[in-house]
Amino acid sequence: MCQNAGTIFKKGILLEKDTHFKQAQDLYEDLLLHVTDETILDEVRLRLDDMDDLIAEKAVYQRIDENAKRVLTEIGMNIADNQVLMDILLEAGAINFDNETALFIPLKRSYIDHCLEQVPREMPGDPGMNTFGTGATSPFLKRAGEEELRPANRKEYEQITCLVAEQQDVVNIFSLPVGCDKSISLFEVAQLMEKAYPGLKMITTNSMTADEMTFLQEKEDWIDGTSLITSLAPMNNMVEPFLRSARTGNNLLLIDQTIAGVSGAGSPESLLTQNHAQVIFMMIIAQTVNPGILCVHGGIPSVTEAGGNLSYSSPHQTFINAALARVNTWITGFPSAQTGGSTSLIDVTPHAVFESELSRNSLRKYGVHILRHAMGALGSLNFFSMEKFLEDCERERYSRKIFKTCSKNVGVMPLYFPRDDHAFEGIREIAEKGNPKCTDHTLKNVDSFRQWEKIINDAAQKKLYCPQLNDTVIEAMSGGERFH
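Here our numbering is used: position 207 in the sequence shown is 197, and no number is missing along the way.
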């Protein structure tokens, strides 16, 4: 065995990457008993240190997936006042009329499973794991040297599309980065994107005409971000655009964007459970009207700062999106798009550029699929800056180069995702009271994200997985390194 120990150890790393953590643990324990090479033994011990944490983490993600389906069967979605959605589900025989304890409209578990089985797990236009790009449709374009904030005009959108096209080595999804003024329509923006950029692109079609919206039809390199659900209920003005796009056959990016303690539950597990439930409800509606349609899970859960505003400077934003990515890459197999790589800072400064780089590198180390909002955004997605976009692209090139030099035998990094055995009950309490801020569950979990951050930071001080990539803002800022 000693002669083959290195090969067997690499098999353990592959088992980890396939999330077969118990099998990897058994293999490492066997190596520990029979190998005498101290170099390999040190690597084996390091990996064994993480196995129990990874096994526990995967179990929580499995529970999130299961409890999200329970939300739909035992709590339901608040769609009783939307006759269009009710008629669709009634005709499909999806509603469970035998459930007398659900708060809203409950679905049959068999129907949920039937629809989710039809969601494709392969994405023809998939740019692959850890691919980052633009996004957010920020309302304002931040222009260098100007105080006034306005949407982008036609000339500026032409510049933006050219800039993105020139950075295709690091920009792997071109998602609408900023709003446009009346000098150019969203459809015309899509045409510019199509002409300039051959890779994966995302736009919303809810403001397009029926003819314009078919521009995306049967195109593997386009996805439509027209979504449907928030706070356990449909956005009534989005129902018809969503159904129109689904029936047309556009690839769908299902965006939920639940905010912890504001529009959703407060603990990490309950937030992801509610978020996941709302996305899979959108999948169910899409599969009902067009079986087999491609659905990308774009939950992009969010957190706030002390004042209640979205906080893309918070490491919690990175952690919760990495966790949702793992729910999909480890458990469901759905194509997944998360958010990160941005900052709450509003000016293009070295600190803002570095915060964005830190977020991207953290998400890269945990492993995400498609990351939107990663380049060019400021002010928690309120602004897009072409100047910062170019800085972000340059930092991303550097990080990718460094990341390729990292050891391939580090295995999977635990995220130490915290359990919440009352996550489902917390979501039910929100549904009953109508506001997350009024629930006991939210009040009991006000420190849950900070406690999670402390666990991650304490673990990171003991073991550096990718020491070549910067892990703390303070160290880099105090050293004055790597800034232009």
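Ideal Cβ placement from N, Cα and C applies to all residues, glycine included. In this text the structure is predicted, and so the values were computed from the model without any measurement.
Identify which residue in the options has its Cα closest to the Cα of residue i.
i: H10; options: S438, Q158, Q441, V402; result: V402
i: L284; options: M225, T121, M113; result: M113
i: D71; options: V229, G(-4), D32; result: V229
i: D437; options: P408, E6, I45; result: P408
i: I193; options: S217, V74, G297, S370; result: S217
i: A421; options: L75, Q149, L222; result: L222
i: R234; options: D214, V252, T248; result: D214
i: Q108; options: D16, L190, G323; result: G323
i: V279; options: D77, P224, D116; result: D77
i: D32; options: L44, A267, G135, E19; result: E19
i: I321; options: Q13, L22, I54; result: I54
i: D337; options: Q307, E377, S304; result: E377
i: Q441; options: S352, L454, P305, E148; result: P305
i: A186; options: M198, Q158, I174, E210; result: Q158
i: T151; options: E178, K132, L4; result: E178
Evaluate residue i with the Cβ neighbour count: other Cβ atoms within 10 Å of its Cβ, from every protein chain shown; 16 or more gives buried, anything less gives exposed.
i: P188; result: exposed
i: K145; result: exposed
i: Q207; result: exposed
i: T26; result: exposed
i: N425; result: exposed
i: L242; result: buried
i: D382; result: buried
i: S346; result: buried
i: V50; result: buried
i: N299; result: exposed
i: D399; result: One point to set straight first is that residue 399 is Asn, not Asp, in the sequence displayed. Exposed: under 16 other Cβ atoms inside 10 Å.
i: R472; result: Only weak support is given to the placement of R472: the predicted model assigns it a pLDDT of 37, under 50, and the question is left unresolved by the model.
i: N227; result: exposed
i: P281; result: exposed
i: R35; result: exposed
i: V269; result: buried
i: E259; result: buried
i: K7; result: exposed
i: Q277; result: buried
i: L433; result: exposed
i: N(-6); result: exposed
Could you check what DSSP says for residue i in three-state terms: helix, strand or coil?
i: I336; result: coil
i: G514; result: The structure shown does not extend to residue 514, since the chain is modelled only from -9 to 474, so the question has no answer here.
i: M365; result: coil
i: Q328; result: strand
i: G123; result: strand
i: V168; result: strand
i: G135; result: coil
i: N(-6); result: helix
i: S346; result: helix
i: K185; result: helix
i: M192; result: strand
i: I174; result: coil
i: G251; result: coil
i: D214; result: strand
i: S375; result: coil
i: R354; result: helix
i: I464; result: Bear in mind that the predicted position of I464 carries a pLDDT of just 35, short of 50, making it too unreliable to give a figure here.
i: S438; result: helix
i: R144; result: helix
i: L5; result: helix
i: P129; result: coil
Using a threshold of 7 Å, is the CB atom of residue i nearer than that to any non-hydrogen atom of the ligand MN?
i: V402; result: Summarising the ligand content, the structure contains no ligands, and the ligand MN is consequently not present.
Ordered list of alpha helix (DSSP H) runs contained in the stretch 21 to 107, each at least 4 residues | DSSP runs (the alpha helix (DSSP H)) wholly in the stretch 21 to 107: 28 to 60, 73 to 82.
Which runs of the alpha helix (DSSP H) fall wholly inside the stretch 389 to 432 and span at least 4 residues, in chain order?
-> Correct list: 413 to 423.
Could you tell me which uninterrupted beta strand (DSSP E) segments, each at least 3 residues in length, are contained entirely in the stretch 216 to 248, listed from first to last along the chain?
-> For the beta strand (DSSP E) assignment, the uninterrupted runs of no fewer than 3 residues enclosed by the stretch 216 to 248 are, from N- to C-terminal side, 242 to 245.
Segments assigned beta strand (DSSP E), at least 3 residues, entirely inside the stretch 259 to 322 | You should have 285 to 288.
Is there contact here, the stretch 323 to 336 with the stretch 86 to 93, by at least three beta-carbon pairs under 8 Å?
-> Flag = no, the stretch 323 to 336 and the stretch 86 to 93 do not touch.
Should the stretch 349 to 361 be regarded as contacting the stretch 299 to 318, the criterion being three or more beta carbon pairs within less than 8 Å?
-> Touching, yes, given that three or more Cβ pairs across the two stretches are closer than 8 Å.
At least 3 beta-carbon pairs within less than 8 Å: the stretch 290 to 297 vs the stretch 444 to 460 | The answer is no - the stretch 444 to 460 does not touch the stretch 290 to 297, with fewer than three Cβ pairs under 8 Å.
Kindly confirm or deny that the stretch 367 to 384 and the stretch 408 to 418 touch, where touching means at least three C-beta pairs closer than 8 Å.
-> No, the stretch 367 to 384 is not in contact with the stretch 408 to 418.
Kindly confirm or deny that the stretch 55 to 74 and the stretch 18 to 36 touch, where touching means at least three C-beta pairs closer than 8 Å.
-> Short answer: they don't touch.
Determine, using beta-carbon pairs with one atom in the stretch 195 to 205 and one in the stretch 232 to 240, whether at least three such pairs fall under 8 Å.
-> As far as the Cβ criterion goes, the stretch 195 to 205 touches the stretch 232 to 240, which means the pair count is three or higher.
Does the count of Cβ pairs from the stretch 87 to 106 and the stretch 119 to 137 closer than 8 Å reach three?
-> Using a C-beta cut-off of 8 Å, the stretch 87 to 106 makes no contact with the stretch 119 to 137, since fewer than three inter-stretch Cβ pairs fall below that distance.
Segment contact flag, the stretch 117 to 136 with the stretch 164 to 171, C-beta cutoff 8 Å, min 3 pairs = Touching, yes.
Between the stretch 387 to 398 and the stretch 169 to 184, do three or more beta carbon pairs fall short of 8 Å?
-> No contact exists between the stretch 387 to 398 and the stretch 169 to 184.
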